[in-house]
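**Q** Numbering (our numbering), first residue to last: -12 to 173.
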């Protein structure tokens, strides 16, 4: 069984696969392989040698929903090309990806977003990220009668960004800075 185009390396054997990928930061993954061929533990020339870099595991676990997956074991602020290939494969497979505990700056989020392609420029907005928040610059909540709050409340119903455009957006990125202890499902 494969998940995201890569072999499942040890999760459940059902259709709800749980993928793990061993990634050596300086290695290029071999096709159809979860680990670089030169790092194979069965390779007698590898025995007794320690890899030049410490591997880590990227996991892609499907959400308990119609679509989407949680991705762990990757640092989006320092995403290498091999890790990007795995993230992109997971995006193509699951359509919605959740990356917990990333705490990206605006520049880091923009750099990650640019991996997917060019940003759409909204009318009247700066190039790149467009903050949409219920907080003022001083950190306090906007009052209920604030014009921005009216727009945010109007968006509480489901919508898809740019679906009305001649060329729809490939993806939207959301970053939650304060997450409720319970509820908050979107």
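Quick reminder that beta carbons are idealized off the backbone N, C-alpha and C, glycines included.
Quick one: Cα of residue 51 to Cα of residue 85, how far?
**A** Roughly 12 Å between the two C-alpha positions.
**Q** What is the DSSP secondary structure of residue 165, reduced to helix, strand or coil?
**A** coil
**Q** For residue 166, count neighbouring Cβ atoms within 10 angstroms of its own Cβ and tell me buried if that reaches 16, exposed if not.
**A** Residue 166 comes out exposed.
**Q** Give the DSSP-derived three-state secondary structure of residue 49 in the structure shown.
**A** strand
**Q** On the CB-based measure, 16 or more other CB atoms within 10 Å of its CB, does residue 65 come out buried or exposed?
**A** exposed
**Q** Return the CA-CA distance between residue 192 and residue 170, expressed in angstroms with no decimal places.
**A** With the chain running from -12 to 173 in the structure shown, residue 192 is simply not present.
**Q** What would DSSP say about residue 100, mapped onto helix, strand or coil?
**A** Note: residue 100 maps to helix in three-state DSSP.
**Q** Check for me: the beta strand (DSSP E) holding residue 56 runs from which residue to which?
**A** Per DSSP, residue 56 belongs to the beta strand (DSSP E) from 56 to 59.
**Q** If you check the beta carbons only, do residue 44 and residue 60 fall under 7 Å apart?
**A** yes
**Q** In whole angstroms, give me the CA-to-CA distance for residue 68 and residue 102.
**A** 10 Å
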